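This note's numbering applies: residue 83 is where the sequence shown begins, and numbers increase by one.
Here is the structure we will look at.
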Amino acid sequence: MTDTVSTTSLHSALNLPQALDAATQAAHAGAAILQAHAYRRADLIIDHKARNDLVSQADRDAEQTIVDILTRLTPQYGLIAEETGGQTHGQATWYIDPLDGTTNFLHGIPHYAVSIALIAHAGTAIAPDVVVTEDTPVVAVVYDPSREEMFTAVHGGGTRLNSQRVQCSRTDALADALLATGLPFRDFSFADEYMPMLDQAIHQTRGVRRLGAAALDLAWVACGRFDGYWELGLAPWDVAAGTLLVREAGGITTDLRGRDPWPIKGDVISGGRHLHPLLYGMVEPYLQRG
Numbered sequence: 083m084t085d086t087v088s089t090t091s092l093h094s095a096l097n098l099p100q101a102l103d104a105a106t107q108a109a110h111a112g113a114a115i116l117q118a119h120a121y122r123r124a125d126l127i128i129d130h131k132a133r134n135d136l137v138s139q140a141d142r143d144a145e146q147t148i149v150d151i152l153t154r155l156t157p158q159y160g161l162i163a164e165e166t167g168g169q170t171h172g173q174a175t176w177y178i179d180p181l182d183g184t185t186n187f188l189h190g191i192p193h194y195a196v197s198i199a200l201i202a203h204a205g206t207a208i209a210p211d212v213v214v215t216e217d218t219p220v221v222a223v224v225y226d227p228s229r230e231e232m233f234t235a236v237h238g239g240g241t242r243l244n245s246q247r248v249q250c251s252r253t254d255a256l257a258d259a260l261l262a263t264g265l266p267f268r269d270f271s272f273a274d275e276y277m278p279m280l281d282q283a284i285h286q287t288r289g290v291r292r293l294g295a296a297a298l299d300l301a302w303v304a305c306g307r308f309d310g311y312w313e314l315g316l317a318p319w320d321v322a323a324g325t326l327l328v329r330e331a332g333g334i335t336t337d338l339r340g341r342d343p344w345p346i347k348g349d350v351i352s353g354g355r356h357l358h359p360l361l362y363g364m365v366e367p368y369l370q371r372g
């Protein structure tokens, strides 16, 4: 949510174009490292953080480059990255996934991305006359180096794919909708919730795809390739950038459990403005309240 802000806060408004430029530079640099590693995957050192949760030297090298660039260009912001952690700080915090779709990458499947988002904290001015009243994604970059597709968004400025404005689909019926999702792969504690949702989606929609990169799932909702998307058990850096991409493309992305202003706890539901409530209505009966 946003509200008007007094003239005493003019000097403290975030410079969103500057932040977008920094994120774009960082995404390009991180992706260049990923692509360099992609040509010698067999030589990568791969560690297991947990069952089916992999990290490679490509993740680490790309993340370090992204962190270095953002720290140099925007030292005033906090920073939280998938592999090295971090903490919120100041008016806003970067959320970084240097390689969303690590398993795809390691198997040579060309469907992965760099994802970078800036989250403005409650009480921060994001324009001379606008202040956010809750934590809000305000800058987003998702870069797919295999297709050379750069998705970008700034709060209030729309979503772009390689500089061309994009919009969510206008699909208004589940029967006409192509959905994306993600199967439980690391945390199976919510499988009893998820599986009946998937069963309903299979029977009620045009089809369901599981491509293995949440940031791209959300980016593809933003440009209309998917009509809707839901998933449970993700991390905040998986969904931070994609949340803004969809919102600025005229769609809705929310915390599936209704707890937070954006899906920071990793339970996400997203879609065009007409489809989102229908998709929520389909999956909500199977949510376990606790």
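Beta carbons: idealized from backbone N, C-alpha and C, even for Gly.
Just so it is clear, the structure is predicted and the values come from calculations on it, not from any experiment.
How far does the beta strand (DSSP E) with residue i in it extend, from its first residue to its last?
i: Gly239; result: Counting along the chain, Gly239 falls outside any beta strand (DSSP E), and DSSP gives it neither H nor E.
i: Gly324; result: Where Gly324 is concerned, there is no enclosing beta strand (DSSP E), although the alpha helix (DSSP H) it sits in stretches over Pro318 to Glu330.
i: Tyr225; result: Thr218 to Asp226
i: Glu230; result: Note, Glu230: premise wrong, no beta strand (DSSP E); not H, not E.
i: Thr175; result: Ala174 to Asp182
i: Tyr311; result: Gly310 to Glu313
i: Ser197; result: Ala195 to Ala202
For residue i and residue j, what's the separation of their Cα atoms in angstroms?
i: Gln282; j: Pro367; result: 11 Å
i: Ala202; j: Asp150; result: 20 Å
i: Pro278; j: Asp349; result: 16 Å
i: Leu361; j: Leu256; result: 7 Å
i: Asn134; j: Arg268; result: Confidence is the limiting factor: at Asn134 the pLDDT is only 38, short of 50, which leaves the residue's position unreliable and the question unanswerable from this model.
i: Thr206; j: Leu243; result: 27 Å
i: Tyr276; j: Asp103; result: 38 Å
i: Gly306; j: Ser271; result: 31 Å
i: Pro359; j: Trp176; result: 29 Å
i: Leu369; j: Asp337; result: 12 Å
i: Pro210; j: Ser94; result: 9 Å
i: Arg371; j: Gly363; result: 15 Å
i: Ala111; j: His356; result: 37 Å
i: Leu96; j: Glu216; result: 15 Å
i: Gly353; j: Arg142; result: 32 Å
i: Ile208; j: Ser228; result: 33 Å
i: Gly324; j: Leu300; result: 5 Å
i: Ile351; j: Glu165; result: 25 Å
Using beta-carbon positions only, say whether residue i and residue j come within less than 8 Å of one another.
i: Leu261; j: Val290; result: yes
i: Ala322; j: Asp182; result: no
i: Ala304; j: Val223; result: no
i: His119; j: Ala140; result: yes
i: Ala199; j: Leu326; result: yes
i: Trp319; j: Ser138; result: no
i: Asp309; j: Ala259; result: yes
i: Leu314; j: Arg292; result: no
i: Pro343; j: Thr335; result: no
i: Thr153; j: Ala101; result: no
i: Pro180; j: Glu231; result: no
i: Val220; j: Ala204; result: no
For the ligand ATP, any of its heavy atoms closer than 7 Å to the Cβ of residue i?
i: Glu366; result: The model depicted lacks the ligand ATP and carries no ligand whatsoever.
Since residue i is in the alpha helix (DSSP H), which residue starts that stretch and which ends it?
i: Arg288; result: Arg288 -> no alpha helix (DSSP H), and no H or E assigned at all.
i: Gly373; result: Lying before the first or after the last residue shown, residue 373 is absent from the chain, which here runs from 83 to 372.
i: Trp302; result: Ala296 to Ala304
i: Asp349; result: Neither: Asp349 is in no alpha helix (DSSP H) and is coded neither H nor E.
i: Arg247; result: Not the alpha helix (DSSP H): Arg247 falls in the beta strand (DSSP E), residues Gln246 to Val248.
i: Asp143; result: Gln139 to Leu155
i: Gly363; result: Leu357 to Val365
For residue i, I'd like the list of residues in its chain whose CB is within less than 6 Å of its CB, leaving aside the five on either flank, ordered along the chain.
i: Ser88; result: Because the pLDDT at Ser88 is just 39, under 50, the model does not fix this residue reliably, and the point stays unresolved.
i: Gly431; result: Coverage of the chain is limited to positions 83 through 372, which leaves residue 431 absent and any answer about it impossible.
i: Thr218; result: Ala202
Ordered along the chain, which non-local residues of its own chain (more than five positions away) have a Cβ less than 7 Å from that of residue i?
i: Ala295; result: Asp182, Gly183, Asn186, His193, Tyr194 and Ala195
Less than 8 Å between C-beta atoms, sequence neighbours within five positions excluded: which residues of the same chain meet that for residue i?
i: Gly239; result: Leu98 and Glu330
i: Ile148; result: Ala108, Ala109, Ala111, Gly112, Ala163, Ile178, Pro180, Val196 and Ile198
Thinking residue i and residue j are a contact (beta carbons under 8 Å), I'd like their distance in whole angstroms, please.
i: Tyr225; j: Ala113; result: 5 Å
i: Trp312; j: Val365; result: 6 Å
i: Gly333; j: Cys250; result: 4 Å
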